[in-house]
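Following: one structure in structure tokens, then a few remarks.
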Amino acid sequence: RDIADGQQQKAKFQLMVDMIYLALITDSTRSISLMTFGMHHDLSHHGKEPKKLAQCRQVEVELIQAFGGLLDKLKAAKEGGTSLLDSTMMLMTSNLRDGNTHWTYNLPTILAGGGFRHGQHLAFNKPYLEQVNQELNPAPGAKSNPEKKIPLMGQDQQPLCNLYTSMLKKGGVEIERFSTATGPLEGLV
12 RDIADGQQQK AKFQLMVDMI YLALITDSTR SISLMTFGMH HDLSHHGKEP KKLAQCRQVE
72 VELIQAFGGL LDKLKAAKEG GTSLLDSTMM LMTSNLRDGN THWTYNLPTI LAGGGFRHGQ
132 HLAFNKPYLE QVNQELNPAP GAKSNPEKKI PLMGQDQQPL CNLYTSMLKK GGVEIERFST
192 ATGPLEGLV
């Protein structure tokens, strides 16, 4: 198979995930970064077209399933009496919340392993959550206002660098903040 073929994104990503597992299980490295290859970039500019949205969703589901498979393998692997996942921080995120609008806030983020407290959904943007809740559960007779804009950063919002600060601190780096961070996130440990 030609792994450079855009139709093979799932297989290519799975190969990368397999190499990550091998690198971690053999202690060949302690730090890995993987960027997906943008082969579904055109789909991310979906213009709210149902067919493109469905195709984009399918690609994203496949990427998350591969990531979940990696987490399962790390959980099954033992290192010093605990799972390799427990001693490995795994972060999956995006540089955009919505490729169609290029929003760079309220990013989808999954943090696994690393001794953090898991099994919870944490949200760090109260105005956004309130708007989503209103849109999903409108008051009787209420009209949707798609033009309503949420400020990019406000008093009740946390920059992504706060997550990075939390991860660095958990990894033993003595740091007060990273980049534009205002401090570590509450509720992770």
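Going by my numbering, the sequence shown opens with residue 12, and the numbers climb by one from there.
Virtual Cβ for every residue (Gly too), placed ideally from N, Cα, C.
Note that the structure is predicted; figures quoted are calculated from it, not measured.
query: Given 8 Å as the limit, is there contact between the region 130-137 and the region 166-181, that is, 3 or more CB pairs closer than that?; result: yes
query: Can you give me the C-alpha to C-alpha distance between residue 25 and residue 78, rounded to a whole angstrom?; result: 9 Å
query: Determine whether the beta carbon atoms of residue 123 and residue 96 lie at a separation below 8 Å.; result: yes
query: Can you have a look at residue 148 and say buried or exposed, based on whether 16 or more other CB atoms are within 10 angstroms of its CB?; result: exposed
query: Of the residues 175, 182, 185, which one's Cα is nearest the Cα of residue 191?; result: 175
query: According to DSSP, is residue 100 helix, strand or coil?; result: strand
query: Taking the alpha-carbon positions, what's the residue 153 to residue 68 distance?; result: 29 Å
query: Output needed for residue 31: all residues of its chain with C-beta closer than 7 Å, excluding positions within five of it in sequence on either side, in chain order.; result: 43, 45, 81
query: Using only the alpha-carbon positions, how far apart do residue 117 and residue 27 sit?; result: 27 Å
query: Buried or exposed, going by whether 16 or more other CB atoms sit within 10 Å of the CB of residue 177?; result: buried
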